[in-house]
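What follows is a single structure, written as structure tokens, with notes after it.
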Amino acid sequence: MLYLELSCVFTMSSYKGQHLYLQIITMIDGIGFRRDIGASSPPLADKAQYRNRKGNMIKLFKVKEKQRAENPNGTAPVKKQSAGELRLHRDMGELNLPKSCSISFPNGKDDLMNFEVTIRPDEGYYLGGTFIFTFQVPPMYPHEPPKVKCKTKVYHPNIDLEGNVCLNILREDWKPVLNINTIIYGLYHLFTQPNHEDPLNHDAAAVLRDNPKMFESNVRRAISGGYVGQTLFPRCM
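In short: position in the sequence shown from 1, add 49, done, that's the numbering used here.
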């Protein structure tokens with residue numbers, strides 16, 4: 050906001066004569082800057098204040114000019130999206146997930162590159178369990194796959210106790226034509242069809258291969274919040 054205010058001020062000189070000068074007060078964003086003109090000069094204190102205020106006024110003008118140059122429309126600046134973010138926006142718009150899978154954004158949807166996927170298998174060994182995966186999408190996506198980890202500690206031949214996931218499309222078989230939807234379906238099938246031939250948890254894989262009934266019993270114990278061997282698993286039902 051900018052406006053000018055003119056006021057007439059009479060001062061008394063040493064000769065007791067009346068002299069007139071004008072005060073010009075400039076308001077910028079609520080800050081007043083006064084300039085006095087006329088036959089008589091204002092007191093020295095006012096001159097010092099004027100010089101200080103004039104300097105501040107010039108600085109404010111420079112700041113305003115810089116802001117207008119950087120953002121001529123006066124709207125909030127918009128963050129430029131990377132190619133990975135643009136592709137991820139498209140992926141999210143094309144999601145077609147089964148009812149047993151859902152997606153959430155713990156950091157808010159402004160942070161699209163980090164999200165969580167929850168899988169609740171409706172068949173197989175892991176029926177009734179709830180398993181959460183974290184996704185970190187790199188700026189080079191889709192030329193690089195997302196980094197996916199299982200947040201839920203689970204007894205599984207293809208997921209180790211640190212949450213690392215053995216899924217071929219997240220490693221050597223990743224291609225830029227694949228998308229988030231493909232990965233989520235791949236994770237879902239790990240629970241309906243666990244694979245003992247490409248294990249991260251070798252003990253679980255051996256039990257699945259040699260004794261499927263015992264494997265099923267171990268899974269039920271684990272997701273109920275019990276021990277398998279010497280490892281305690283949290284309840285995730």
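Ideal placement from N, C-alpha and C gives every residue a C-beta, glycine not left out.
Classified as exposed, H138 has fewer than 16 neighbouring CB atoms from the shown chains inside 10 Å of its CB. N244 sits in coil when the DSSP states are folded into three classes, being neither helix nor strand. Cβ contact annotation for G278 (same chain, cutoff 8 Å, sequence separation greater than five): D252, in chain order. Residue state for F282 is assigned as coil, using DSSP reduced to three classes. Between P248 and P206, the C-beta gap is smaller than 8 Å, which places the two residues in contact.
Relative to Q185, the option among Y174, K262, C199, G178 whose CA is nearest is C199. Around P191, the same chain offers R136, P225 as residues with beta carbons nearer than 6 Å, after the five sequence neighbours per side are excluded. Judged by pairs of C-beta atoms under 8 Å, the segment 208 to 224 does not touch the segment 151 to 160, as fewer than three such pairs exist.
Within the model, the alpha-carbon separation for L236 versus T183 is close to 12 Å. For the 8 Å CB-CB criterion, N230 and L161 do not form a contact.
Here DSSP, grouped into helix, strand and coil, assigns N163 to strand.
Shortest Cα-Cα distance from M141 to any of K129, V166, S149 involves V166. Non-local beta-carbon contacts of N228 in its own chain, meaning distances under 6 Å to residues more than five positions away in sequence, involve D140 in chain order. Put simply, the backbone Cα of Q242 is about 34 Å away from that of A132. For F264, the secondary structure class from DSSP, reduced to helix, strand or coil, is helix.
The C-alpha of W223 lies about 10 Å from the C-alpha of P195.
In the three-state scheme derived from DSSP, where H, G and I count as helix and E and B as strand, T231 is classed as helix. About 7 Å separates the CB atoms of G275 and F282; that is less than 8 Å, so the two are in contact. Between F180 and C285, the beta carbon gap of about 7 Å places them in contact (Cβ cut-off 8 Å). H205 is bridged by DSSP to I208.
The C-alpha of N244 is placed about 7 Å away from the C-alpha of A254. A Cβ-Cβ distance of about 7 Å is found for the pair V197 and I232, placing them in contact under the 8 Å criterion.
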